[in-house]
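Take a look at the structure set out below.
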């Protein structure tokens, strides 16, 4: 019996094909000779990652609402320096 995968890689999600979730490259991407990129951390589901990201966005909006104008500028500077909202929130 096939083991359920927590999260499929981006190419498998796009192709809507089965992904074994092996890292750094899944077997489907190896067979098709395509780059294999995962959008979630290992051990997390897509839904868990989406919930964490939503929580981070909500906390940023809350901080921006409560902050003074100079503090708002500092928050925005931190957000611009990081690609990932979760990482930026850790430094704010």
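Residue numbers (UniProt numbering): 1 to 92. No residue lacks a Cβ here, since even glycine has one placed at the ideal position from N, Cα and C.
Residue 26 and residue 53 have their alpha carbons spaced roughly 25 Å apart. If you draw a straight line from the Cα of residue 57 to the Cα of residue 8, it is about 24 Å long. Here the C-alpha atom of residue 80 lies approximately 38 Å from the C-alpha atom of residue 31. Between residue 40 and residue 10, the C-beta spacing is not below 7 Å. The continuous alpha helix (DSSP H) containing residue 60 extends over residues 46 to 66. Per DSSP, reduced to three states, the secondary structure at residue 4 is coil, with no helix or strand assignment.
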